[in-house]
Amino acid sequence: MDAYMIADYSTVLQLLGPLADQGDSRSQYILGSMFENGRGVPLNYAEALKWHRMASEQGYAPSMVSLAFMFEMGVGVPQNYIEAYKLFSLAITRFAVTENGAREIAIKSRDSLASQMTAAQIVEAQRLTREWKKSK
Numbered sequence: 082m083d084a085y086m087i088a089d090y091s092t093v094l095q096l097l098g099p100l101a102d103q104g105d106s107r108s109q110y111i112l113g114s115m116f117e118n119g120r121g122v123p124l125n126y127a128e129a130l131k132w133h134r135m136a137s138e139q140g141y142a143p144s145m146v147s148l149a150f151m152f153e154m155g156v157g158v159p160q161n162y163i164e165a166y167k168l169f170s171l172a173i174t175r176f177a178v179t180e181n182g183a184r185e186i187a188i189k190s191r192d193s194l195a196s197q198m199t200a201a202q203i204v205e206a207q208r209l210t211r212e213w214k215k216s217k
């Protein structure tokens, strides 16, 4: 994290790449964010999606939020409000108590997104959220 904070991205890649490959969700999130924003690597939404998905599948809330924004805006993926709503909802339940600010962002983002969705889309997103929780 020290290297990331001072923008020493080559060191970040060197240190976190192996950890991400071994399944460390926080490392996967950081790599996803680097590719999503072109920090120290070429902007690459496919790579960002890959790393954020891997971390999200493990229930890592920050990656769920990043992935939700990608689906909401159609960045690197087809726009999908149902998937975005599901990911925001899942993230809300996974942020630690100390991460209340991040949790509030996810709540506001989900609620704002809901205002653009039909009732049927919201019901479907809620169903998918429940099914994901049962499978984990």
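Take the position in the sequence shown, starting the count at 1, then add 81; the result is the number in our numbering. C-beta atoms are modelled at their ideal positions from N, C-alpha and C, and glycine is treated no differently.
Taking 8 angstroms as the CB-CB limit, is G157 close to chain C? Although the question refers to chain C, the structure presented lacks it and comprises just one protein chain.
Using beta-carbon positions only, say whether A177 and A187 come within less than 8 angstroms of one another. If you number the sequence shown from 1, residue 177 lands on position 96. If you number the sequence shown from 1, residue 187 lands on position 106. No, they are not a contact pair.
Determine the contact status of G157 and A129, defining contact as a CB-CB distance below 8 angstroms. What you label residue 157 is simply residue 76 of the sequence shown in a count that begins at 1. What you label residue 129 is simply residue 48 of the sequence shown in a count that begins at 1. Yes, these two residues count as a Cβ contact at 8 angstroms.
Could I get the ranges of all uninterrupted alpha helix (DSSP H) runs contained in the region 121-157, with 4 residues as the minimum, in chain order? 126-138 and 142-154
Whose C-beta lies closer than 7 angstroms to the C-beta of R134 among residues of the same chain, with five residues either side of it excluded? Reading the sequence shown from its first residue, position 53 is the one you call residue 134. Once the five neighbours on either side are set aside, the close Cβ partners of R134 are L148.
Once you ignore the five residues that flank R184 on each side, which residues in its own chain have a CB closer than 7 angstroms to its CB? Position 103 of the sequence shown, counted from the start, is the residue given in the question as residue 184. Excluding positions up to five away in sequence, the list reads I173 and F176.
Please list the terminal residues of the continuous alpha helix (DSSP H) segment that includes N181. Reading the sequence shown from its first residue, position 100 is the one you call residue 181. N181 -> alpha helix (DSSP H) spans N181 to A195.
Mind checking E224: buried by the 16 CB within 10 Å criterion, or exposed? As shown, the chain starts at 82 and ends at 217. That puts residue 224 outside it, with no answer to give.
Euclidean distance between Cα positions of L88 and G140: What you label residue 88 is simply residue 7 of the sequence shown in a count that begins at 1. What you label residue 140 is simply residue 59 of the sequence shown in a count that begins at 1. The sequence given here has Ala at residue 88, not Leu. Cα to Cα, A88 sits roughly 27 angstroms from G140.
Pick from Y90, S91 and Q109: whose alpha carbon is nearest that of K131? Working through the sequence shown from its first residue, we reach residue 131 at position 50. Among Y90, S91 and Q109, the Cα nearest to that of K131 is on Q109.
Please say whether A165 and E153 have beta carbons closer to each other than 8 angstroms? What you label residue 153 is simply residue 72 of the sequence shown in a count that begins at 1. What you label residue 165 is simply residue 84 of the sequence shown in a count that begins at 1. Going by C-beta atoms, E153 is nearer than 8 angstroms to A165.
Between K215, S170 and S216, which lies nearest to V204 when the distance is taken from Cα to Cα? The residue given as residue 204 occupies position 123 in the sequence shown. Nearest C-alpha to V204: S170.
Taking the continuous alpha helix (DSSP H) assigned at G113, which residues delimit it? Walking along the sequence shown from the start, residue 113 turns up at place 32. Start and end: S106 to N118.
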